Amino acid sequence: MSTIHVSVTVNGERREADVEPRLLLVHLLRDTFGLTGTHIGCDSSNCGACTVHVDGMSAKSCTMLAVQVDGREVRTIEGMADGAALHPLQQAFWDQHGLQCGFCTPGMIMQAAWLLEQNAAPSEGEIREGIAGNLCRCTGYVNIVKAIQQAADTLRAVDAPAEPATAG
Amino acid sequence: MTDVQVRTTTTLEVGGMGHSVKRKEDPRFIRGKGEYIDDLNLPGQLWMDIVRSPYAHAKILGIDASEALKIPGVLAVVTGADLEKAGLHWMPTLAGDKQMVLPTHTVMYQAQEVAAVVATDRYIAADGVAAVLVDYEPLPVIVDPKKALEPGAQVLRPDRGPEKANNHIWHWESGDRAAADAALAKADVRVAEDIYIPRIHVASIETCGCIADWDAVNGHLTLHMTSQAPHAIRTVLALVSGLPEHKIRVKTHDIGGGFGGKVPVYPGYVLAVVASLTTGKPVKWIEDRSENLQADSFARDYHIHAELGATKEGRITSLKVKTIADHGYTDAAADPSKFPAGLFNVITGSYDFPDAFVEVDGVYTNKPPGGVAYRCSFRVTEAVHAIERMVDILAHEIGKDPAQLRMENFIQPEQFPYKTPTGWEYDSGNYPVALRKAMDMIGYEDLRREQAEKRARGELMGIGISSFTEIVGAGPSHTFDILGIKMFDSCEIRVHPTGKVMARIGVQTQGQGHETTFAQIIAEELGFPVADIAIEYGDTDTAPYGLGTYASRSTPVAGAATAIAARKIRDKARLLAAHLLEANPDDLEWGSGAFSVKGSPDKKKTIQEIAFAAYTNHPQGMEAGLEAVDYYDPPNLTFPFGSYICVVDIDRGTGQVKVRRFVAVDDCGNIINPMIVDGQIHGGLTMGFAPALYEEIAYDELGNNLNGTFMDYLLPTAVETPAWETGKTITPSPHHPIGAKGVGESATVGAPPAIANAVVDALWHLGVRNIDIPMTPQKVWRILNEKGVAL
Amino acid sequence: MHFEGTVAIAASRQKTWAFLMDPTQVGSCGPGVESIEVVDETHFRARAKVGIGFISARFVMQMEMAELDAPSHATILAHGQAPGSAVDATAHMALRDGDAPGTTVMDWSADVNISGTLASVGARLIQGTAEKMIGQTFACIRTKLEA
Amino acid sequence: MIPPRFDYARPASLDEALQLLASREGEAKVLAGGFSLLPLMKYRLAQPGLLVDIGRVAGLDAIEEVDGELRIGARATHGAIAGHPLVAARYPLIREAAGGIGDPQIRNWGTIGGSCAHADPASDWPAVIQALRGSFVCRSLGRERVVAARGFFLDVFTTGIEPTEVLTQVRVPRPGPRSGGAYVKLERRTGDFATVGVAAQVQLGADGRIAEVGLGLTAVADAPFAAGDAEDALRGALPTAEKFREAGLAAARQARPTEDRHGPVDYKLTMVRVMTERALRLATERAQANG
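Residue numbers (this note's numbering), protein chains in the order written: chain A, 1 to 168; chain B, 1001 to 1791; chain C, 2001 to 2147; chain D, 3001 to 3291.
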């Protein structure tokens, strides 16, 4: 069995592996690197549970080969929180009850993060279109939309020029 | 959001009933730290993958595994012949029928398991599957249950013996046939309709899977799996395998959605166990999506003929329903044993029927086992769809507004508890208030005016109502069991000395938030803050026996057990407090998490102080510790209800239906966590919307599943899913300890007929009486075209 | 799926019949056939890479000549399997003399059943593909006979 | 869902890629974004012996205007095309089509070249490029040819690309004044393969009549095609509802759909007519606004 050496920066950390060319990115992340927050739901690139960022672009990792990301940067749900501090999207999904079984949640958060990087103030319609590639079976999307709206507000407040003398 | 004032008696910090406590389980999920079955890997673990039949019905002439076994890393190929030697080729279904683990001679549905490949790696196992050659001789296929019942139809299950030499499984009836017939004969108006509710699939985003781990030294089997009913699985495994039940541990982890699809015992689980027994190593099996859609249990597939009689003023008098239930090749439904058609006889719905009769016949076909679940396993969805469609047809037939007709026929609030003609006793309800509230929220009268204007312009707009009654909380032991096991549920609470609590429950969360809501019940009853209460479930070594979570039974049954167990603890706490306060127990009163002496509120002991005393200073003659167990046997079922109103616009060019607005007013009795209840309703509505317009598992005449991927099995995305508008009324259950009723399935049950009624409402003036779900663009266009209104 | 058609062949009925009865000849016109193994006079096995574009599956086909009525009627039964998929086909061929001497008209019909992954996953492509392959098969028979 | 084994190469240059294709002609397959190819491989319906990953080959993803035509590198993603200012400014039909392909993640990685070379009958690009009378640049070792989009799509998953060629660029002439385009697609659900897709590009004359028109149809034949009869019916005519209906009927007569889960043949044929009318109406409104 011929393998290919890949070197990938995952959540800021350089990871290496010898892989079969056919190894899917999602299996590289889950089985080789032990990052099991990225899930597999449909195998046909419909559900988005496997969404990660590759070089800053959201991607469905079940429809990408590990060898395709050699030398690239991958970000997964495990790379979203800063230590104990949750990413605003993680906080918002919790606050707004944007998840139930939690299975689609990592992919949903990763897609929402990419969406908010493209569009800091999306309308409800733009949010719904923006997560059209992510299926959720539990929530009916209502609270997911609310969570993304909350996170957008939070992120805009963070990005806004800091008021002077507001320490803390 | 909830617009009624939900009563609370605790502070937000304590977080008892009625508080929207943020979920305790979420921190792990939002960080990707949930542990779903495929996230778990054990040392030395092997992989199993399954060879499946392309044919829906065929003889197996031979299985050639030689090429597969040549692949480095393929360790074994298990066939039906191998299992037969150990007597493991058959297993019982939860309905007491027989299901193959692997076939020895004949496959009965497309994608049926034929052999299992065990390998060192999931990729190699897949290669092994592709390399196994199976020689089949195709046999004629029956996909239509009506054809299966025809005289002379080939008998699909000859194993049932000569006395059952047909494809009829069972007949079940409820109500008074003669009375219903007589009332129908006398009715001024009779409406009849054939309504088909097709096969659908729960398609939770996580598929099914397990790791079987056989420890030969200790003779102990651990089955890690994604199951809604771990105790039932353990018992079935013990019965099938002959292993002693205490040497089997079933452990669920986080579950990525259940909706009923993770109740049954699938052959893959048994095969993984066999593979682990054979190899002595842990063996993992994870379904892919197509296997999940093609072979796991299905819901619905009900061919219903309903007839409804009424006076000319629209007072309904009689209902008669005849149904054919397609169960596939085996009856693997998880219905209570006395109810082979589930609780389908709740079909008189929210209406005061003097007479009703319902009968159902179960039938075998060449399809995978059906009749289980889609966020309602007990056939309530089918019943609600039929009655809500029929009531709407009657309203249109006699020219009465469907809302008005419902109001005039509802069981009235003062009639509760209400006995239905098919034998149920509804615990409580207030149907007119819920419907009126939905009408006000959506602006019903304005919408009817808008519809009239649009119709005059040739535009097709419809308004649909569904005023459903759910039936959940199975169930009372005098009538409810599965494989003989009574349908109680359980809770065991232990209070630690420092006032922290561990509670274990017999039910299982698949996203419902049990870690939060069950803690809230305990917080309500005992005053411990939710943060101090840990809820455990899903481990048969530690959790008390329970039947699991499905059919919205967690809150009605295990929730009641939790409240009762907490009250047992409170009773003991009263004695401890009396000892500490040197008072008579009867002189103490309970409030805000403490016992105080009546009239002397300063003389009190908090529940935390009492807990400490239970281990450090308990009175002579009293057992130390503070714990209690309750196995709750509900006196009756609970009957949540609601009224939904839906507005649709139909594209006359394409036949596409757009749901413009959807208002859902639900009443699930007392509410534990309003945020979670709303989330459940949003999800339930979406799982009602989906089969109304999109989802269907269809078969071609060869028995091929034509919706075997998410490319063709159309789960709705956020784009087409409506922005749900929810409202509440609260009518507590009089017999439930905390007055709750359960809500998980209500919306899935109530939503489809609201949408179907709206679409038919838009088209009734053209002579359209019924459209079966899913109302796909092609189906609606066909009707528009026939009626001459297609653009 | 049912397909039917008529092919005019510039070859005699005897020649056409002989062609149809020769597994290596008629088999070579099957879609994607890579090898043919004759079992006996009326049975043969073929390995075929069936597909369109780069989408294909390798099938092991068992063929049987049945209901032979020389030189006018023949039925060929085919039963093929690939991992996860199966194809079963029955092809009827009726030969009659063409208007011009030494020519033949073949009326054919084929019933094709496709089971398994191909039917479930490839449903939106199957009908057209099957029709095309059958068309190619009969066109090939004609071409070879007229060569 | 595990793909079968294959060899993999990631050439650094186009010539190296072309050499690989030539050396294993017939069993080598170009990998661009992978969103068309990998799902089929996971179902083991496609089993290429060698994947030539052109993901790192430089110079294949530019989007620029040269000599009055838009040139889109084959590896430009649907998302990059939809978001490109040049496309937004002058090629609304392309923008509309690109923004509606699949879902956001697919648009992030799926490429125009991959989609056109794959030639799924239900893919959106082939109809759009034909409506715009565009062309494809195909390169093999030592040879480059420009092939008209009309006639390029031969059959299900079959194009005029030779096994030793790589599709390197898509070219589309710049629409003139008083022109407008629209891509309308009937889907069962967002992100679904189209039941029917219609790309319309309308050029109005100074007299308000249709001077030139391009119509491309998706998912209603073995390969997406240009509805020439409908175009002939429209050319020189006033853009009226009756004329659009006539064109829609002509388009339907040229369509050859098959029955599948999206619907039976008569439904699809009617949808060709309905969606053609809608595409033409939208395109004409845009052309009129673009006066």
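C-beta: ideal position from N, C-alpha, C; glycine also.
Nothing here was measured: the structure is a model prediction, and the numbers come from that model.
Neighbourhood of threonine 1106 (chain B) by C-beta distance below 8 Å, restricted to the same chain and skipping five residues each side: His1057, Ala1058, Lys1059, Ile1060 and Leu1139
Buried or exposed (CB count within 10 angstroms, at least 16 for buried), threonine 2129 (chain C): buried
Pick from C:Ser2056, C:Val2050, C:His2002 and C:Thr2042 that is closest to methionine 3041 (chain D), judged by C-alpha positions: C:Ser2056
Proximal residues, the stretch 2044–2071 of chain C versus chain D, C-beta separation under 9 Å: Gly2051, Ile2052, Gly2053, Phe2054, Ile2055, Ser2056, Ala2057 and Arg2058
Collapsed DSSP secondary structure at alanine 3289 (chain D) in the structure displayed: helix
Per DSSP, cross-strand counterpart(s) of cysteine 1491 (chain B): B:Ile1505 and B:Asp1630
Chain C within 8 Å of leucine 1763 (chain B), Cβ atoms only: no
Cβ neighbours of isoleucine 1387 (chain B) in the same chain (closer than 6 Å, five flanking residues each side left out): Ile1347 and Gly1349
Closer than 8 Å to chain B by CB, glutamine 3019 (chain D): no
Test: methionine 1001 (chain B) CB closer than 8 Å to a CB of chain A: Note that methionine 1001 (chain B) scores 43 on pLDDT, short of 50, meaning its location in the model is unreliable; the coordinates nonetheless yield the value given after this. It does not; no Cβ of chain A falls within 8 Å.
6 Å Cβ shell around methionine 1001 (chain B) - same chain, five flanking residues per side excluded: Confidence at methionine 1001 (chain B) is low in this model, with a pLDDT of 43, below 50, so its placement is unreliable and the value that follows should be read with caution. Hits under 6 Å: none found.
Chain D contact residues for glycine 65 (chain A), given Cβ-Cβ distances below 9 Å: Note on residue identity: the sequence assigns leucine, not glycine, to residue 65 (chain A). Pro3003, Tyr3008, Leu3031, Gly3034, Leu3038, Leu3051 and Asp3053, listed in chain order.
Distance, valine 1363 (chain B) Cα to asparagine 1153 (chain B) Cα: The sequence as given places alanine at residue 1153 (chain B); asparagine does not occur at that position. Cα-Cα distance, rounded: 12 Å.
Residue-chain proximity (phenylalanine 2127 (chain C), chain D), Cβ-Cβ < 8 Å: The sequence given here places glutamine at residue 2127 (chain C); phenylalanine does not occur at that position. It does: the Cβ of glutamine 2127 (chain C) has a partner Cβ on chain D nearer than 8 Å.
Closer than 8 Å to chain D by CB, alanine 121 (chain A): no
Simplified DSSP assignment, three categories, for methionine 1108 (chain B): coil
Assigned secondary structure, lysine 1247 (chain B) (DSSP; H/G/I helix, E/B strand, else coil): helix
Nearest-angstrom beta carbon gap, valine 2033 (chain C) and alanine 2018 (chain C) [assumed within contact, 8 Å]: Alanine 2018 (chain C) to valine 2033 (chain C), Cβ: 19 Å. No contact.
Start-to-end residues for the alpha helix (DSSP H) that takes in aspartate 1446 (chain B): 1444–1456
Contact with chain B by proline 2083 (chain C), beta-carbon distance below 8 Å: yes
Limits of the unbroken alpha helix (DSSP H) element including glycine 3181 (chain D): Here glycine 3181 (chain D) belongs to no alpha helix (DSSP H); instead the beta strand (DSSP E) covers 3179–3186.
From C:Val2087, C:Leu2125, C:Asp2069 and C:Cys2140, residue whose alpha carbon lies closest to that of aspartate 1135 (chain B): C:Val2087
Cut-off 6 Å between Cβ atoms - residues of its own chain near serine 1227 (chain B), not counting five sequence neighbours on either side: Ile1233, Thr1252 and Lys1262
Status (buried if at least 16 other CB within 10 Å, exposed otherwise) for threonine 36 (chain A): buried
Test item: CB-CB of tyrosine 1109 (chain B) and proline 1368 (chain B) under 8 Å: yes
Residue closest to valine 1217 (chain B), alpha-carbon to alpha-carbon, out of B:Val1189, B:Gly1280, B:Ala1452 and B:Ile1248: B:Gly1280
According to DSSP, residues forming a beta bridge with tryptophan 1285 (chain B): B:Met1048 and B:Cys1210
Whole-angstrom C-beta distance between leucine 1075 (chain B) and alanine 1119 (chain B), which should lie under 8 Å: 6 Å
Closer than 8 Å to chain D by CB, glutamate 1786 (chain B): no
Test: leucine 2077 (chain C) CB closer than 8 Å to a CB of chain B: no
Buried versus exposed call for valine 6 (chain A) [16 or more other C-beta atoms within 10 Å across all chains shown]: buried
Threonine 166 (chain A) (DSSP reduced to helix, strand or coil): Confidence at threonine 166 (chain A) is low in this model, with a pLDDT of 48, below 50, so its placement is unreliable and the value that follows should be read with caution. Here threonine 166 (chain A) sits in coil by DSSP.
Touch test, the stretch 1577–1587 of chain B against the stretch 1505–1513 of chain B, Cβ-Cβ under 8 Å, three pairs minimum: no
At least 3 beta-carbon pairs within less than 8 Å: the stretch 1660–1675 of chain B vs the stretch 1740–1756 of chain B: yes
Minimum Cβ-Cβ distance from glutamine 1792 (chain B) to chain C less than 8 Å: Any answer about residue 1792 (chain B) is impossible in this case: the structure gives chain B only from 1001 up to 1791.
First through last residue of the beta strand (DSSP E) which encompasses glycine 3197 (chain D): 3196–3204
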